[in-house]
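Numbering (the working numbering), first residue to last: 2 to 438. Let me begin by presenting the structure, written as C-alpha cells, before commenting on it.
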Ligand code: HEC
C-alpha cells in the first residue's frame, strides 16, 4: 500500500470553533470554485475569480494524487494516469504537457495559467511575491509529477508523487500567512484578491462603516460581516486571529492587519509633514482619510478591559432566574457547574483562558448563545430567558451584579473581553467559578 506524505498543516482550531459556534461554515475558498464570471479585466471580481480558480485547480491536483493510492493497487497504468491528471489540472489544456489521455480534474486554464494571468500586470499589487512563489512551486510539482510518470516502479513513483504533494501544499499555502509563506490561500485571505463581486471596499486604515472589505495599498486588513447575516451561507474564513464587534458587524481582521496598521501610521506621519490629506489617498480609497474630523482610526482595539475593570452588566435577580434556565436548557451539555462536559466550559479558568486568547467579548458570547444555543434547539428560549442565562454566566464568572439589567439586544457596553474580572465580585472555587444565589 503506498503512503504519500505531504507536509500537512493543522487548521486553527479555536477560530474555527468560534466560526462554527456562530454558524459560519468556515469554508475555505478551496471548496467553492467560482465560475469565471464576465468582469472587467483587472477588476477586483475578475482577480478574485482567477485566484479562486487557481486554488481550485491546485486542490484538484492534490486530491487526484491522494486518490492515486487506490489507483496504485490497479498497477502502473492507473497511477500514471493519476499523475497525468494532476499535471493537467496544473498546466491547463493549452500547454504542451497536457495529456489528452488523462482526465482533467481542473479547468482549461490550469493553476499555472491563472497565476500567470494574475501576474501579467503593469502595476505590482502586494500579492505578486506570493504568486511568484505559487508559480515556482506549481512548476516544481509538475516536474515531480513528470518524474512520477516516468517511474518504473512503485517506490520511485511514490517518492516523486510525495515531492509533488509537498510542493502543492506550499503553493496552496495558508490563509493565516500574508507573505511568501501564504501561497494562494494567503493571497486570497490577505490582499485585494479577497474582494468579491459587488462588495463595498473601504479604506483599510479606518474602522469599517459598512459591511465589506478594508483595503490599504492592496492589502486586506479586515472583512466586515453584518451580524444579521451570520447563520446563513458560509463565508470565507480570512484566517486572521482577531474578531471584533463593531457597529452591528463582526469584523474579521486578517493576518496582514498588523502590517497594514504600521503602513497607515507611517503614511500618516509622513503626510502630516509634507502634504494635504487628499494626496494620501491610494486608488479606491476615499479622501479625507486622516483628517481629524473623519471616521475613527481603524483597528479599534475594542476597549480591552479584561483584568482592569469589572463592569456591572446584569442584576442579581436575573442571575438567579438564569440559574434555573441554565439547569434546564444548558447543563446537560455544559455541565452542572459550567465546567464543560460534552460542550466547552462556560465559566472558570478554562473558559476564561479561551475567552482571553480568542478575545471573546460578552457580546460574542451573547451572539453565540442567542443564535446557536441550546445547540439541540437554537433560538428556542425567550429574550428574557437568554438575558437571564447570560446574567448567570457573568455571575458564575465572578462579574458583579448591578442595577441595570442585562439587555435583550446587543449594545456597546457588551464589548468587554471576558477574562477573569478584577476585583472578582464573589469567592471563586478551585476552578475559578463563583457561586450564584
Ligand atoms: C446539546 C448540547 C448543548 C446545549 C444544550 C447547549 N450547548 Fe452551548 N455549546 C455546545 C457545544 C457543542 C458548543 C461548542 C460549539 C463549537 O465550538 O463549535 C457550545 C458552545 C457554547 C458557547 C461558546 C463557548 C466557547 O467557548 O466557544 C456558549 C456561550 C454556549 N454554548 C452557551 C450555551 C447556553 C447559554 C446554553 C443554554 C441556553 C447552551 N449553550 C446549551 C452544546 C450545547
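Don't be surprised by glycine CBs; every beta carbon is placed ideally from N, CA and C. Predicted model only: the values in this text are computed from it and were never measured.
Which of helix, strand or coil DSSP assigns to residue 413: DSSP places residue 413 in the helix class (H, G or I) of the three-state scheme.
Cβ neighbour criterion (16 or more within 10 Å) applied to residue 325: Counting every other CB atom within 10 Å of its CB across the protein chains shown gives residue 325 a total below 16, marking it as exposed.
Inter-residue Cα distance where the pair is residue 387 and residue 253: Distance between the alpha carbons of residue 387 and residue 253 is about 25 Å.
Length of the line joining the Cα atoms of residue 88 and residue 152: Distance between the alpha carbons of residue 88 and residue 152: 15 Å.
Proximity test, residue 348 beta-carbon vs the ligand HEC heavy atom, cut-off 6 Å: No, since every heavy atom of the ligand HEC falls outside the 6 Å radius drawn around the Cβ of residue 348.
contact_flag[the region 128-138, the region 187-196] where n(CB pairs < 8 Å) is 3 or more: Output reads yes: the region 187-196 touches the region 128-138.
Assigned secondary structure, residue 166 (DSSP; H/G/I helix, E/B strand, else coil): Three-state DSSP puts residue 166 in a helix.
Residue 411 and residue 362 closer than 7 Å at C-beta: Going by beta carbons, residue 411 and residue 362 fall outside the 7 Å limit.
Exposure label - residue 122; buried when at least 16 CB within 10 Å: Label assigned to residue 122: exposed.
Residue 376 Cβ short of 6 Å to the ligand HEC heavy atom set: If you check the C-beta of residue 376 against the ligand HEC, you find a heavy atom less than 6 Å away.
Straight-line gap, residue 422 to residue 414 (C-alpha atoms, nearest Å): Roughly 15 Å separates the two Cα atoms.
Identified DSSP bridge partners for residue 252: Looking at the DSSP assignment, residue 252 forms a beta bridge with 225, 245.
6 Å CB neighbourhood of residue 270 in its chain, flanking five on each side removed: With a pLDDT of only 48 at residue 270, under the threshold of 50, the placement of this residue in the model should not be trusted; the figure read from the coordinates follows. If you ignore the 5 residues before and after residue 270, its C-beta comes within less than 6 Å of no other C-beta in its own chain.
Per DSSP, the bridge partner or partners of residue 204: Residue pairing of residue 204 in beta bridges, as defined by DSSP: 216.
Buried or exposed by the 16-neighbour rule on C-beta atoms within 10 Å, applied to residue 133: So residue 133 counts as exposed.
Own chain partners of residue 432 with C-beta closer than 7 Å, once the 5 adjacent residues on each side are dropped: When the five nearest sequence neighbours on each side are left out, the beta carbons in the same chain lying within less than 7 Å of the beta carbon of residue 432 are those of 340, 349, 350, in order along the chain.
Three-state secondary structure (DSSP) of residue 181: Here residue 181 sits in coil by DSSP.
Proximity test, residue 355 beta-carbon vs the ligand HEC heavy atom, cut-off 6 Å: Checking the 6 Å criterion, the Cβ of residue 355 is within range of a heavy atom belonging to the ligand HEC.
Simplified DSSP state of residue 265, which is helix, strand or coil: It is helical.
Buried/exposed call for residue 191, threshold 16 Cβ in 10 Å: Under this definition residue 191 is a buried residue.
Contact under 7 Å by Cβ, residue 59 with residue 243: Here residue 59 is not near residue 243, since their CB atoms are 7 Å or more apart.
Own chain residues within Cβ distance below 6 Å of residue 142, not counting five before or after: Once the five neighbours on either side are set aside, the close Cβ partners of residue 142 are 165, 168, 169.
Where residue 439 falls: helix, strand or coil (DSSP): No statement about residue 439 is possible, as the shown extent of the chain runs from 2 to 438 and does not include it.
Option in 66, 155, 330, 215 with minimal Cα separation from residue 255: Residue 255 has its Cα closest to that of 215, out of 66, 155, 330, 215.
Reduced DSSP secondary structure (H/G/I, E/B, other) of residue 362: Collapsing the DSSP output to three states places residue 362 in a strand.
Distance cut-off 6 Å: residue 390 Cβ against heavy atoms of the ligand MG: What this structure holds is the ligand HEC, not the ligand MG.
Proximity test, residue 399 beta-carbon vs the ligand HEC heavy atom, cut-off 6 Å: Not under cutoff, so the answer is no.
beta-carbon residue 425 near the ligand HEC non-hydrogen atom, thresh 6 Å: Placement of the Cβ of residue 425 at a distance of 6 Å or more from every heavy atom of the ligand HEC is found.
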